[in-house]
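Residue numbers (the numbering used here): 231 to 648.
First the structure, in the form of structure tokens, and then the observations on it.
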Amino acid sequence: MRGTTIFNRYLNTPSLFSKNREVLRPSYLPENLPHREIEIEQLASVMSTALRGGRPSNVIIFGKTGTGKTAVIRYLAREIKRTKELVDTDVLKMPDMEYIYINCEIVDTPYGILQNIGNRFIDDFSERIPFTGWPTEKVYNMLREKLDEKDRIVTIVLDELDRLVYKSGDDVLYHLTKINDDMARSKLSIIGISNDLKFMEFLDPRVKSRLSEEKMVFPPYNASQLKDILNERIELAFNEGAVGDGVVEICAALAAQEHGDARRALDLLRVAGEIAERSGDSKVRVEHVYKAKNKIELDCIAETIRTLPLQSKLILLGIIMHEEQGRRNLTTGEVYEAYRELCGRIGIGALTQRRIADLISELDMLGLINARVKSFGRGGRTREIQSSVPAVDTKKILMEDEELKTLEEYSLRQMYLH
DNA sequence: TGTCCACTGGAAGGGAGGGCTT
DNA sequence: AAGCCCTCCCTTCCAGTGGACA
Numbered sequence: 231m232r233g234t235t236i237f238n239r240y241l242n243t244p245s246l247f248s249k250n251r252e253v254l255r256p257s258y259l260p261e262n263l264p265h266r267e268i269e270i271e272q273l274a275s276v277m278s279t280a281l282r283g284g285r286p287s288n289v290i291i292f293g294k295t296g297t298g299k300t301a302v303i304r305y306l307a308r309e310i311k312r313t314k315e316l317v318d319t320d321v322l323k324m325p326d327m328e329y330i331y332i333n334c335e336i337v338d339t340p341y342g343i344l345q346n347i348g349n350r351f352i353d354d355f356s357e358r359i360p361f362t363g364w365p366t367e368k369v370y371n372m373l374r375e376k377l378d379e380k381d382r383i384v385t386i387v388l389d390e391l392d393r394l395v396y397k398s399g400d401d402v403l404y405h406l407t408k409i410n411d412d413m414a415r416s417k418l419s420i421i422g423i424s425n426d427l428k429f430m431e432f433l434d435p436r437v438k439s440r441l442s443e444e445k446m447v448f449p450p451y452n453a454s455q456l457k458d459i460l461n462e463r464i465e466l467a468f469n470e471g472a473v474g475d476g477v478v479e480i481c482a483a484l485a486a487q488e489h490g491d492a493r494r495a496l497d498l499l500r501v502a503g504e505i506a507e508r509s510g511d512s513k514v515r516v517e518h519v520y521k522a523k524n525k526i527e528l529d530c531i532a533e534t535i536r537t538l539p540l541q542s543k544l545i546l547l548g549i550i551m552h553e554e555q556g557r558r559n560l561t562t563g564e565v566y567e568a569y570r571e572l573c574g575r576i577g578i579g580a581l582t583q584r585r586i587a588d589l590i591s592e593l594d595m596l597g598l599i600n601a602r603v604k605s606f607g608r609g610g611r612t613r614e615i616q617s618s619v620p621a622v623d624t625k626k627i628l629m630e631d632e633e634l635k636t637l638e639e640y641s642l643r644q645m646y647l648h
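This is the structure:
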């Protein structure tokens with residue numbers, strides 16, 4: 231024994247994971263996708279048009295998160311690439327095929343979408359489309375020109391498409407679905423992904439019909455299907471015997487409760503594994519899964535709070551301070567007053583009530599508070615607001631913010647004394 | 001039955017900040 | 001330098017409203 235360091239105990243306990251723990255992450259694309267055979271077949275028949283040089287129909291895919299939409303598309307893109315490599319010879323050459331994936335929650339402006347696509351076809355850095363500055367029309371023309379430089383079939387995957395439509399309308403979609411009319415050599419098709427069926431109503435009828443040449447729905451996985459998915463990954467990710475009895479069942483059951491989310495199931499398993507490993511256990515046990523569930527939820531909330539803009543943090547803090555005094559079911563007016571008070575305390579200008587009303591809605595959508603519109607008759611119509619996060623922990627996280635530190639000991643009591 | 005409160009939520013637009021073009 | 005463009009964050013203005021109360 232050559233002395234001990236604090237890391238020794240980590241070295242001495244054998245790892246539960248094999249080298250391949252990456253297979254539990256959402257970015258991992260497995261060799262086969264259990265229980266998505268029908269969807270693969272269906273989408274493959276659409277996309278196979280490209281193998282014969284034709285433009286595949288545009289497709290709209292509906293399905294909740296973690297139902298394998300992106301996985302199926304990535305899977306097929308990979309298979310098509312393999313097929314092409316197999317078939318291509320000097321004599322017979324299939325057209326180039328490109329897949330472009332854009333998440334509309336991240337890129338959510340018309341300009342951004344066009345710029346993103348355009349730059350995939352511009353290698354020369356000096357020619358790249360700048361992230362701002364040009365008129366949108368010019369970006370579109372540039373994109374079309376570059377796209378059409380040679381024969382190719384381009385598939386654009388627009389994930390979370392509903393976000394784009396709600397935020398910026400369907401102008402880009404109009405242009406993108408029409409672009410084929412203006413191109414001589416290239417062909418473009420669109421795969422739109424959404425977890426909300428309603429957004430189609432907001433589309434211009436022309437866009438709607440062009441976009442949904444094919445429609446598909448991905449059903450949620452049930453518990454037994456989730457089990458199959460997990461079991462397949464366990465073989466790759468864990469050492470033999472590292473996953474105890476009942477663990478898979480619990481992960482599957484918990485994820486099935488939440489609209490059959492495979493990503494959630496895999497997360498639970500991975501985090502449970504990490505917790506078990508850290509506590510020096512020789513096996514992943516059911517209790518680790520429950521701890522994992524808690525940890526995932528709390529981490530998620532904490533991260534949401536941390537990344538809130540200052541104004542929203544002040545609103546949330548105001549609500550919590552009210553509740554510390556035993557006042558629940560606050561109105562918009564009360565929350566606004568508290569917010570203004572806090573703004574004064576830290577010496578920043580307060581926004582208008584109209585703006586705060588919007589920010590309150592945002593907090594509601596993030597699940598940090600509950601805000602229901604309610605009428606109090608003569609008392610007016612307003613929101614009834616409560617926090618839906620643990621007060622103590624939330625306050626702790628809020629106080630991490632440099633600009634809020636001075637509010638640590640402050641309480642709202644004074645303002646209600648008169 | 002009508003009134004009236006305290007907002008809600010839509011619309012329009014300003015202006016700052018990114019950057020391009022001439 | 002002046003004139004554009006696009007996006008983000010806000011403000012201003014305002015019609016609309018559910019339901020307790022007179």
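C-beta: ideal position from N, C-alpha, C; glycine also.
- DSSP lists 448 as the bridge partner or partners of residue 293.
- The beta carbon of residue 350 sits closer than 6 angstroms to the beta carbons of 330 from its chain, once the five residues preceding and following it are set aside; these are given in chain order.
- By the Cβ-count criterion, residue 530 is exposed, with fewer than 16 other Cβ atoms from all chains shown falling within 10 Å of its own Cβ.
- Proximity of the region 603-616 to the region 627-646 falls short of the contact definition, fewer than three beta-carbon pairs being nearer than 8 angstroms.
- When the Cα atoms are used, residue 583 and residue 566 turn out to be separated by approximately 6 angstroms.
- DSSP places residue 520 inside the alpha helix (DSSP H), whose first and last residues are 516-536.
- For residue 366, the uninterrupted alpha helix (DSSP H) segment begins and ends at 366-377.
- Residue 630 and residue 624 have their C-alpha atoms roughly 10 angstroms apart.
- If you look at residue 421, you'll find it isn't in any alpha helix (DSSP H); it sits in the beta strand (DSSP E) that goes 417-424.
- Judged by DSSP in its simplified three-state form, residue 595 adopts helix.
- With a threshold of 16 other beta carbon atoms within 10 Å, residue 277 meets it and is buried.
- Sequence-distant Cβ neighbours of residue 291 in its own chain, meaning closer than 6 angstroms and more than five residues away, are 299, 423, 446.
- Boundaries cannot be given for residue 559, as no alpha helix (DSSP H) includes it and DSSP labels it neither H nor E.
- Contact between the region 557-571 and the region 586-600 is present, with at least three C-beta pairs closer than 8 angstroms.
- Scanning its chain for C-beta atoms nearer than 7 angstroms, with the 5 sequence neighbours on each side dropped, one finds around residue 345 the residues 359, 361, 369, in chain order.
- Residue 413 sits in coil when the DSSP states are folded into three classes, being neither helix nor strand.
- DSSP places residue 439 in the uninterrupted alpha helix (DSSP H) bounded by 435-441.
- Counting only runs that start and end inside the region 295-354, the beta strand (DSSP E) elements of at least 3 residues fall at 326-333.
- DSSP places residue 613 in the uninterrupted beta strand (DSSP E) bounded by 611-617.
- The three-state reading of DSSP puts residue 600 in strand, counting E and B together.
- Excluding five sequence positions before and after residue 590, the CB atoms of its chain that fall closer than 6 angstroms to its own CB belong to 601, given in chain order.
- When the five nearest sequence neighbours on each side are left out, the beta carbons in the same chain lying within less than 8 angstroms of the beta carbon of residue 575 are those of 636, 637, 640, in order along the chain.
- By the 16-neighbour rule on beta-carbons within 10 angstroms, residue 450 is buried.
- Annotation: residue 573 to residue 604 spans about 27 angstroms, alpha carbon to alpha carbon.
- As a beta-bridge residue in DSSP terms, residue 385 pairs with 329, 419.
- With contacts defined as CB atoms closer than 8 angstroms, residue 487 and residue 264 fail to qualify as a contacting pair.
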